[in-house]
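Let me begin by presenting the structure, written as structure tokens, before commenting on it.
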Amino acid sequence: MTLRLIAVLAACAAFLAGCAPRATTTEDDVARLLPATRYGASSSYDEGRAALERFIQNRLTGPDGVYTNLVDTAQNGASASGHEVLSESAGLSMRYYALSGEREAFESVWSRARAVFDMNASFSYRYSPLSGKRYPVNAAVDDLRIIRALYEAGDAFKAPAYTSEADEYGKRFYAYNVKEGRLYDFYDETYKTTNDFATLCYIDLKTLGLLKLPDDGKKRLLDHARRTVEGGYLGDAFPFLRDALRLRQG
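If you use mature numbering (1 follows the signal peptide of the UniProt record, and there is no 0), the sequence shown corresponds to residues -22 to -1, 1 to 228, in order.
See below:
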């Protein structure tokens, strides 16, 4: 999958990091993101990272973004395949270019991602160039990754416009993917509804803590999110987490 190919570049495993609730997003908030050394920013990785980046740019990237697979398909399966593109891949690429300080490359990926995936309420998780179909559903973790990348770009490039975009997209995310303080996996723009559960690896606490929200709303969201993660713990006898939990309203 595309995720496995470019995760070396972006390494976005910050889902369970702690974060303090704030009404506004400051430079200090963004500066406390994981250090660049955690993302392969070491000379010992230079050769492999450069080879991987060339492969992605030259073989895996088309006019609409990074392909799901190298070999194309009919692009009509239940899961993305072939030269379909994912907002997941766009967010990973954006984070990589923000962390590596490549502003022109970041802006190129972001402009394309915005044109391909941006909808009224969220970012589509998937687009088929063959059929021209933009799927009317997002994935919370992918939207949060794009928002996180915009915050990182604002900090890396000293560009307040990116930070402002992150703030606005964060408010939109909260309006549609959060109900009664609870984070849901997706919002369906066709049926105007969320699902009824939370996949635990979608709960990106660090990025949720960066969102520009009223203090009480952010605190409620973070408290619910932490409790959901804690509620998925299976116990010391089998110290793993459930993949998802059904959420109750109220």
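Note that beta-carbon positions come from the ideal geometry of N, C-alpha and C, so glycine has one too.
Taking 9 Å as the cut-off, the Cβ atoms of ASP121 and LYS190 do not count as close. Of the residues assessed, PHE164 falls on the buried side of the cut-off, its CB having 16 or more other CB atoms within 10 angstroms. Among the bridge pairs identified by DSSP, ARG104 is matched with LEU64. At the C-beta level, VAL44 and GLY60 stay beyond 9 Å of one another. For ASN54 and GLU62, the gap between their C-alpha atoms comes out near 9 Å.
Counting the other CB atoms within 10 Å of its CB gives LYS196 a total of 16 or more, which places it among the buried residues. Look at PHE84 here: in three-state DSSP terms it is helix.
The C-beta separation of ALA127 from ASN155 comes to about 17 Å, leaving the pair out of contact by the 8 Å criterion. VAL87 and ALA68 do touch by the CB rule: their CB atoms are close to 6 Å apart, below 8 Å. Between ARG27 and MET72, the C-beta spacing is not below 9 Å. In this structure ALA56 is exposed. Its beta-carbon is surrounded by fewer than 16 other beta-carbon atoms within 10 angstroms. ARG198 and PRO41 have their C-alpha atoms spaced approximately 41 Å apart. DSSP places PHE33 in the helix class (H, G or I) of the three-state scheme. By the C-beta density criterion, GLY110 is exposed, having fewer than 16 other C-beta atoms within 10 angstroms.
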